[in-house]
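Please read the structure below before turning to the comments.
There are 2 protein chains.
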Amino acid sequence: MKHLENREENFNLLIRYLQSIADIPDDELEYVKKIVHIKYLKKGDLFIKAGEVPEFCGFICSGLMRVFYIDEQGRDFTKLFNREYNFVSSYAAFIERNESLLNVEALEDTTLFVIDYDLFRMFIDRHSCWLKIYTRALEKFYVIKERREGYLLWQDAKTRYAQFLKDFPGLEKRVKQYYIASYLGISPVSLSRIRAPYAKTAD
Amino acid sequence: MKHLENREENFNLLIRYLQSIADIPDDELEYVKKIVHIKYLKKGDLFIKAGEVPEFCGFICSGLMRVFYIDEQGRDFTKLFNREYNFVSSYAAFIERNESLLNVEALEDTTLFVIDYDLFRMFIDRHSCWLKIYTRALEKFYVIKERREGYLLWQDAKTRYAQFLKDFPGLEKRVKQYYIASYLGISPVSLSRIRAPYAKTAD
DNA sequence: CATATGCGTTAACATAGGTTAATTTATTGG
DNA sequence: CCAATAAATTAACCTATGTTAACGCATATG
Numbered sequence: 001m002k003h004l005e006n007r008e009e010n011f012n013l014l015i016r017y018l019q020s021i022a023d024i025p026d027d028e029l030e031y032v033k034k035i036v037h038i039k040y041l042k043k044g045d046l047f048i049k050a051g052e053v054p055e056f057c058g059f060i061c062s063g064l065m066r067v068f069y070i071d072e073q074g075r076d077f078t079k080l081f082n083r084e085y086n087f088v089s090s091y092a093a094f095i096e097r098n099e100s101l102l103n104v105e106a107l108e109d110t111t112l113f114v115i116d117y118d119l120f121r122m123f124i125d126r127h128s129c130w131l132k133i134y135t136r137a138l139e140k141f142y143v144i145k146e147r148r149e150g151y152l153l154w155q156d157a158k159t160r161y162a163q164f165l166k167d168f169p170g171l172e173k174r175v176k177q178y179y180i181a182s183y184l185g186i187s188p189v190s191l192s193r194i195r196a197p198y199a200k201t202a203d
Numbered sequence: 204m205k206h207l208e209n210r211e212e213n214f215n216l217l218i219r220y221l222q223s224i225a226d227i228p229d230d231e232l233e234y235v236k237k238i239v240h241i242k243y244l245k246k247g248d249l250f251i252k253a254g255e256v257p258e259f260c261g262f263i264c265s266g267l268m269r270v271f272y273i274d275e276q277g278r279d280f281t282k283l284f285n286r287e288y289n290f291v292s293s294y295a296a297f298i299e300r301n302e303s304l305l306n307v308e309a310l311e312d313t314t315l316f317v318i319d320y321d322l323f324r325m326f327i328d329r330h331s332c333w334l335k336i337y338t339r340a341l342e343k344f345y346v347i348k349e350r351r352e353g354y355l356l357w358q359d360a361k362t363r364y365a366q367f368l369k370d371f372p373g374l375e376k377r378v379k380q381y382y383i384a385s386y387l388g389i390s391p392v393s394l395s396r397i398r399a400p401y402a403k404t405a406d
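In the order they appear, the protein sequences are chains A and B. Quick note: the first sequence uses our numbering, first residue 1, plus one each step. Quick note: the second sequence uses our numbering, first residue 204, plus one each step.
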């Protein structure tokens with residue numbers, strides 16, 4: 001019973017988010033309600049595994065996820081943190097139906113709605129509102145990546161960390177430091193050095 | 204007369220490209236033919252200026268363009284090279300109707316078709332085929348950016364140059380070395396060092 | 001033809017950030 | 001609540017890449 005109420009509540013979060021992007025007719029709302037599944041992940045659970053074609057794209061209702069890459073030498077690189085009210089997948093692989101290079105894990109207990117690939121593609125052509133929403137999401141992803149590209153290209157580590165604090169306020173308290181370091185493309189030792197002055201003043 | 208023939212020929216390049224992405228009904232083809240403009244840029248011409256809201260998005264029929272950023276200290280960073288058969292704009296700014304942070308210039312004499320923003324948005328809602336094409340383009344841009352993010356994050360300069368040679372075969376001969384260096388996020392001196400061994404063997 | 005200008009190369013030196021390892025501080029599980 | 005483990009800090013040292021500057025080659029200009 002608890003779960004059913006919960007689904008209703010979380011579904012409203014999703015709907016409110018979608019409605020903020022485009023008008024969705026009532027019968028389309030009914031339809032989406034039928035085809036998305038709610039998923040509860042425990043801290044540490046993998047949502048998407050490298051080497052597999054991602055089945056799902058998700059919308060995070062609560063919790064926090066991390067998209068990361070493990071190279072041949074076993075080094076772990078964080079590509080992205082995904083918070084509440086955001087879509088999450090290994091998009092490039094999801095879109096192109098390739099084996100994912102990336103893993104996606106829950107860093108906290110996480111609740112999300114998921115849709116599988118076939119339904120997703122069918123879905124998008126069902127009504128123009130969905131394609132519009134998808135397009136806006138893609139535009140947003142693109143803009144985010146373009147910004148990040150700029151930082152990585154022409155800002156030093158200190159500046160990138162300052163920018164991270166702005167872009168994801170509060171996240172530095174929810175996430176292990178070495179994940180943040182690898183997101184910034186620097187070593188944990190180096191991030192610790194960068195943070196040292198912060199600790200002295202306010203923090 | 205020369206120009207008219209030329210327009211016809213170039214327009215076919217555009218159409219062939221669009222048709223490869225989605226089926227376009229004949230009357231939509233007629234329509235697009237009416238609303239896009241052909242533009243001839245001389246080597247060195249600016250297509251988009253930083254500080255202005257980009258009016259146009261373009262499709263390159265022939266030539267080569269460079270997207271770059273000038274920081275407060277006047278340093279010049281290359282974000283992207285755009286070749287034939289690709290769309291070009293300062294997308295983030297074009298999409299969001301912001302002042303562009305980026306400049307776009309022709310590195311060679313360049314021929315492109317352009318569409319202005321209002322027509323573009325109207326256009327997209329006109330027929331589902333256009334939204335589909337736009338979506339595919341966005342997906343492609345996103346995938347490219349995601350790849351590049353990976354390189355910038357976790358590969359060293361030598362590897363990034365090798366990757367550049369793979370991603371843009373032949374471009375290293377069309378483009379000044381210091382533009383390539385800034386695209387890779389390294390100094391021209393450093394790129395010269397990286398290239399030195401290449402020169403000794405084959406080239 | 002002579003000169004100026006722009007670009008690429010090379011060398012010498014400087015520096016941001018990486019690596020390793022020892023030490024301290026948190027977190028987790030019994 | 002304590003022991004074990006994981007995470008963060010700090011220091012010493014190392015390396016890739018940046019910076020500056022001198023030089024050479026090519027191309028464009030008077």
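Don't be surprised by glycine CBs; every beta carbon is placed ideally from N, CA and C. In this text the structure is predicted, and so the values were computed from the model without any measurement.
- Counting every other CB atom within 10 Å of its CB across the protein chains shown gives E146/A a total of 16 or more, marking it as buried.
- Counting only the Cα atoms, Y288/B lies some 18 Å from E375/B.
- Rounded to whole angstroms, the separation of the alpha carbons of I48/A and I186/A is 25 Å.
- Taken atom to atom, the span from the alpha-carbon of S62/A to that of V36/A is near 16 Å.
- The DSSP-derived three-state label of N86/A is coil.
- The C-alpha of R193/A is placed about 49 Å away from the C-alpha of F123/A.
- Within 8 Å of the CB of F141/A, the CB atoms of chain B belong to Y345, in sequence order along the chain.
- Taking 9 Å as the Cβ-Cβ cut-off, the segment 308-336 of chain B approaches chain A at I327, D328, S331, L334 and K335, given in chain order.
- At least one beta carbon of chain B lies nearer than 7 Å to the beta carbon of A92/A.
- Within the segment 301-355 of chain B, the complete beta strand (DSSP E) segments at least 3 residues long are 305-309 and 313-319, listed from N- to C-terminus.
- Taking 7 Å as the CB threshold, K49/A stays off the interface with chain B.
- Only exposed fits V189/A, as fewer than 16 other CB atoms lie within 10 angstroms of its CB.
- DSSP places R66/A inside the beta strand (DSSP E), whose first and last residues are L64 to I70.
- For R351/B, the chain A residues whose Cβ falls inside 8 Å of its Cβ are E149, in order along the chain.
- Each of N12/A, S90/A and A92/A was checked against the Cα of E30/A, and the nearest Cα belongs to N12/A.
- In the three-state DSSP reduction, K376/B falls in the helix class (H, G or I).
- Interface criterion not met: the Cβ of L165/A is under 7 Å from no Cβ in chain B.
- Residue contact check for F77/A against chain B: a CB pair falls below 7 Å.
- For the pair Y382/B and F284/B, the Cα-to-Cα distance works out to about 9 Å.
- Judged by their CB atoms, L305/B and V270/B are nearer to each other than the 7 Å cut-off.
- Taken through DSSP and simplified to helix, strand or coil, F280/B comes out as strand.
- F297/B: not part of any beta strand (DSSP E); member of the alpha helix (DSSP H) spanning Y294 to E299, first to last residue.
- For F367/B, the enclosing alpha helix (DSSP H) covers residues A360 to D370.
- Against L18/A, chain B offers no close residue; the least beta-carbon distance is about 17 Å (beta-carbon pairs closer than 9 Å).
- Looking from the CA of L356/B, the closest CA among Y40/A, R75/A and D27/A belongs to R75/A.
- For secondary structure counted as the beta strand (DSSP E) over 3 or more consecutive residues, the segment 205-267 of chain B holds these complete runs in sequence order: 240-244, 249-251 and 259-265.
- Identification of residues in the segment 264-276 of chain B having a C-beta nearer than 9 Å to some C-beta of chain A yields Y272 and D274, given in sequence order.
- When secondary structure is reduced to three states using DSSP, S393/B falls in the helix class.
- Within its own chain, the residues whose Cβ lies closer than 7 Å to the Cβ of E258/B, once the five positions on either side in sequence are excluded, are D319 and Y320, listed in chain order.
- A straight-line Cα-Cα distance of about 28 Å links E72/A and K282/B.
- Close to K145/A, with beta-carbon spacing below 8 Å, are these residues of chain B in chain order: Y345, K348, E349 and E352.
- Between the alpha carbons of Y198/A and M65/A lies a gap of roughly 26 Å.
- Look at G373/B: its C-beta is not under 7 Å from any C-beta on chain A.
- Annotation: G58/A has no Cβ neighbours in chain B at a cutoff of 9 Å; minimum Cβ distance is about 17 Å.
- Taking the CA atoms as reference points, V143/A sits about 20 Å from G58/A.
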